Amino acid sequence: MRIINQQIYFKVLFFGTALAGKTTTLNWAYKNIIPESMKSSQDVRSVKTSFGQTMLFDFVPIKISDNIHIRFFTATGQDYYAGTRKMLFQDIDGVFFVVDSQKHELEHNKEFVTEFYQHLNSFVLDANDLSIIVLYNKQDLTEIYPADFLRKELELEQFPSYETCAVDGLNIKGAFSHMVQLCLKKLEGLRVQHAKSQT
Ligand SMILES: Nc1nc2c(ncn2[C@@H]2O[C@H](COP(=O)(O)OP(=O)(O)O)[C@@H](O)[C@H]2O)c(=O)[nH]1
Ligand SMILES: [Mg+2]
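This is the structure in structure tokens:
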């Protein structure tokens, strides 16, 4: 979170393996659930490779109220650009951990869970202080593991989660509203703390 000129900026990062559906989820949300009045830019801004995959990140700022903003970023999942993933963890408030539910992606997902905790450690972040929501994506496909199995295998059971399909938007609205609520709850917590410290 950053406070600049009395404006509060939350930062939410999409993290997960290459092709898990991070960019598709963000694009779907931007098109279908974020009202025009909350959009502070015309489009999702992306830095893409020549193949159309996310090279560095996608970025979407939205305005929740007069002085509260949430900035959504997606980290590239491609290993060639892995170095850029870490820097995006700076100042994060929330993470959508996007899991590709396809069976052949299980080991790859496990590697990303390990990497995720490494990045949190390097920024001295505690998973308990962050708003983490897991998206078990690609639920429309047939060769997938059920979310219950993945939750256990990936040891992500303590986090709230949604079973999603980024192509048709299944459960994405619920996941986004949940994230906004968690950010606002964090703000309320900080307000209470501040009020206590003033007395
Ligand atoms: N069937 C299916 N395809 C998906 C889903 N989400 C993403 N995709 C496809 O997977 C590919 C990679 O998605 P993308 O959002 O670019 O992945 P990213 O690398 O995580 O940003 C694209 O062809 C998407 O259309 C999903 O829920 N179901
Ligand atoms: Mg992408």
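Numbering (the working numbering), first residue to last: 78 to 276. Beta carbons: idealized from backbone N, C-alpha and C, even for Gly. Computed from a predicted structure; not experimentally measured.
Through-space distance from residue j to residue i, alpha-carbon basis
i	j	result
Phe-136	Glu-192	22 Å
Ser-208	Asn-144	20 Å
Thr-101	Tyr-194	24 Å
Tyr-222	Lys-180	6 Å
Gln-167	Phe-174	16 Å
Arg-228	Lys-263	25 Å
Asp-217	Tyr-239	13 Å
Ser-178	Tyr-213	6 Å
Gln-275	Glu-265	15 Å
Pro-237	Val-176	13 Å
Gly-171	Ile-249	16 Å
Glu-184	Thr-153	18 Å
Leu-96	Ser-142	33 Å
Glu-234	His-271	32 Å
Ser-117	Phe-200	28 Å
DSSP-derived helix/strand/coil call for residue i
i	result
Gly-251	helix
Asn-144	coil
Tyr-239	strand
Phe-200	coil
Ser-274	helix
Leu-207	coil
Gln-83	coil
Leu-215	Here residue 215 turns out to be Lys, not Leu, going by the sequence shown. Coil at Lys-215, not helix or strand.
Asp-135	strand
Val-244	coil
Classification of residue i by the beta-carbon crowding that lies within 10 angstroms, buried from 16 upward
i	result
Ile-80	exposed
Gln-83	exposed
Asn-205	exposed
Met-164	exposed
Arg-268	exposed
Thr-219	exposed
Lys-273	exposed
Selected residue, minimal CA-CA separation from residue i, among the options
i	options	result
Met-115	Ala-95, Ser-274, Gly-93 and Arg-148	Arg-148
Asn-105	Leu-247, Ala-97 and Val-257	It is worth fixing the name first, because residue 105 is Trp in this sequence and not Asn. Measuring from the Cα of Trp-105, the nearest candidate turns out to be Leu-247.
Phe-41	Leu-202, Ala-159 and Phe-92	Outside the displayed range of the chain (78 to 276) lies residue 41, so it cannot be described from this structure.
Glu-182	Ile-110, Glu-230 and Ile-85	Glu-230
Gln-155	Gln-258, Gly-98 and Glu-232	Gly-98
Val-190	Phe-253, Thr-94 and Phe-87	Thr-94
Tyr-107	Ala-243, Gln-270, Lys-215 and Leu-197	Ala-243
Pro-138	Ser-254, Phe-87, Arg-162 and Gly-251	Phe-87
Ile-210	Thr-241, Glu-113 and Glu-188	Thr-241
Thr-78	Asn-198, Ile-169, Leu-197 and Asp-203	It is worth fixing the name first, because residue 78 is Met in this sequence and not Thr. Comparing Cα-Cα distances from Met-78 to each of Asn-198, Ile-169, Leu-197 and Asp-203, the minimum goes to Ile-169.
Exercise for review: Only counting runs of 4 or more residues, tell me where the alpha helix (DSSP H) segments fall wholly within the segment 146-190, in order along the chain.
Suggested key: 159-164
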